[in-house]
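Going down the list, the sequences are from chains R and U. Our numbering puts the first residue of the first sequence at 18, with every later residue one more than the last. Our numbering puts the first residue of the second sequence at 18, with every later residue one more than the last. The C-beta atom is built at its ideal place from N, Cα and C for all residues, glycine as well. So the structure is just underneath, and the comments pick up after that.
2 protein chains.
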Amino acid sequence: MSGRERWALVLQQHQIKPSYPRLRIYTYLVMSRTHPTADEIYMALIHDMPTLSKMTVYNTLKILVEKGLARLISIEEHEARYDANISLHGHFKCTVCDRVYDFPISEHNVQVQGLDGFQITERDLFLRGICPECTQSSTAATP
Amino acid sequence: MSGRERWALVLQQHQIKPSYPRLRIYTYLVMSRTHPTADEIYMALIHDMPTLSKMTVYNTLKILVEKGLARLISIEEHEARYDANISLHGHFKCTVCDRVYDFPISEHNVQVQGLDGFQITERDLFLRGICPECTQSSTAATP
DNA sequence: TTCTCTGCAAACGCTTTGCACGGAT
DNA sequence: ATCCGTGCAAAGCGTTTGCAGAGAA
């Protein structure tokens, strides 16, 4: 089974009709490790699919989130990023280069007191700061 | 010392000129426990201050965040919420009533592995789900 | 006077809405 | 023939920008 077929099956299993645009968008999201925005996905696919509309990207991403195949990362307001990795993990955003990194977390990171009676459906641990690469280039630039 | 004077002093200590609009905005943010948006702050103050502009609210909030007197909560994209409580704590957002609750967290909640070399400046633990109040009303409505 | 703050108006960018075409069943 | 997905155009909303007038030092 090819990669494309495999993801088509995943879509079907989640009650999403695997149309060509949807399949391409989902496959791109799965492959990419950069937590792309809707616009970045659109820009990456428009070369291959000249008729693709940004609308379809928005629609598809919305469906993927609803069906639990993707997560919406709102680590920074005004930019909605998406992640097809739906397992428990944290996100670090570099405030210099704007890249978003994954890092492993465990249950005890998100185990909290004082929320008795609250039904928790989503957990996000967001860190912000400067990544090693940007730290290095800034110290190098300041001799 | 009145409450107003006290917050004026805090502003001064953070190199923010305590103009009347700034003082009112900051005082409102400190008193409110609802993590208001810029628009909510504007709506709350416009009755008392008919000449207040939304611009001034945006400007003031930006300065407060820069100077470390407030935190920007991006628990939900497309709405920027602000919190004058800058101590370590988590946020829970009810997806039904949209309220944002505080809850206590400790250092071990945000202690993570795999980020050696990363300079961390901000930590956010966001939970989403349904609050007790909304859970109760929804079960009551489903007999 | 000089500098900063305020606040109007307009622009901006991302996202949503309304609707019509087209392809699949 | 019907239904659903696609995608154009336009509107919507929160936020930012440019600038001018007012006020404090």
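For residue i, the nearest candidate out of the options (CA to CA)
i: R/Ser-82; options: R/Asp-65, R/Asp-100 and R/Glu-93; result: The residue you asked about is not Ser; residue 82 of chain R is Val in the sequence shown. Ranking R/Asp-65, R/Asp-100 and R/Glu-93 by Cα distance to R/Val-82 puts R/Asp-100 first.
i: R/Gly-146; options: R/Lys-34, R/Ile-58, R/Ile-33 and R/Val-117; result: R/Val-117
i: R/Ser-104; options: R/Asn-76, R/Glu-139 and R/Arg-23; result: R/Glu-139
i: U/Glu-22; options: U/Leu-40, U/Ile-33 and U/Gln-32; result: U/Leu-40
i: U/Ser-123; options: U/His-106, U/Val-113 and U/Asn-76; result: U/His-106
i: R/Arg-98; options: R/Asp-56, R/Glu-150, R/His-31 and R/Cys-151; result: R/Asp-56
i: R/Ile-80; options: R/His-95, R/Tyr-43 and R/Val-113; result: R/Tyr-43
i: R/Ser-154; options: R/Val-113, R/Ile-92, R/Leu-144 and R/Asp-119; result: R/Val-113
i: U/Leu-86; options: U/Leu-144, U/Met-60, U/Ala-25 and U/Cys-148; result: U/Ala-25
i: R/Thr-152; options: U/Asn-76, U/Asp-133, U/His-95 and U/Asp-115; result: U/Asp-133
i: R/Met-48; options: R/His-95, R/Cys-148 and R/Gly-20; result: R/Gly-20
i: U/Tyr-75; options: U/Val-27, U/Glu-93 and U/Met-60; result: U/Met-60
Environment of residue i [buried if 16+ CB atoms lie within 10 Å]
i: U/Arg-88; result: buried
i: U/Asn-102; result: exposed
i: U/Lys-110; result: buried
i: U/Arg-50; result: exposed
i: U/Val-127; result: buried
i: R/Thr-159; result: Confidence in R/Thr-159 is poor, its pLDDT being 49 and thus under 50, which makes the residue's placement too unreliable to answer from.
Test item: CB-CB of residue i and residue j under 7 angstroms
i: U/Asn-137; j: U/His-108; result: Here the sequence assigns Ile to residue 137 of chain U, which means Asn is not the residue at that position. Not closer than 7 angstroms, so no.
i: U/Gln-29; j: U/Pro-38; result: no
i: U/Gly-131; j: R/Pro-53; result: no
i: U/Phe-143; j: R/Asp-141; result: yes
i: U/Tyr-45; j: U/Ile-58; result: yes
i: R/Leu-69; j: R/Leu-78; result: no
i: R/His-125; j: R/Lys-84; result: no
Residues bridged to residue i (per DSSP)
i: R/Lys-110; result: R/Val-117 and R/Arg-145
i: U/Tyr-99; result: U/Leu-89
i: U/Gln-136; result: R/Ile-147
i: R/Thr-73; result: Answer is none; R/Thr-73 lacks a bridge partner.
i: U/His-54; result: A quick correction: the sequence has Thr, not His, at residue 54 of chain U. Per DSSP, U/Arg-98.
Q. Using Cβ-Cβ distances below 7 angstroms, what residues of the stretch 131–146 of chain R are close to chain U?
A. Gly-131, Leu-132, Gly-134, Phe-135, Gln-136, Ile-137, Thr-138, Glu-139, Arg-140, Asp-141, Leu-142, Phe-143, Leu-144, Arg-145 and Gly-146
**Q.** Residues of the stretch 72–98 of chain R with Cβ closer than 8 angstroms to any Cβ of chain U, in chain order
**A.** Leu-89, Ser-91, Ile-92, Glu-93, Glu-94, His-95, Glu-96 and Ala-97
Q.
Beta carbons nearer than 8 angstroms to chain R: which residues of the stretch 51–66 of chain U have them?
A. none
Q: Scan the stretch 31–50 of chain R for residues whose Cβ lies nearer than 8 angstroms to a Cβ of chain U and list them as they occur along the chain.
A: none
Q) When you check each C-beta in the stretch 99–122 of chain R against every C-beta of chain U, which residues fall closer than 7 angstroms? A) Gly-107, Phe-109, Phe-120, Pro-121 and Ile-122
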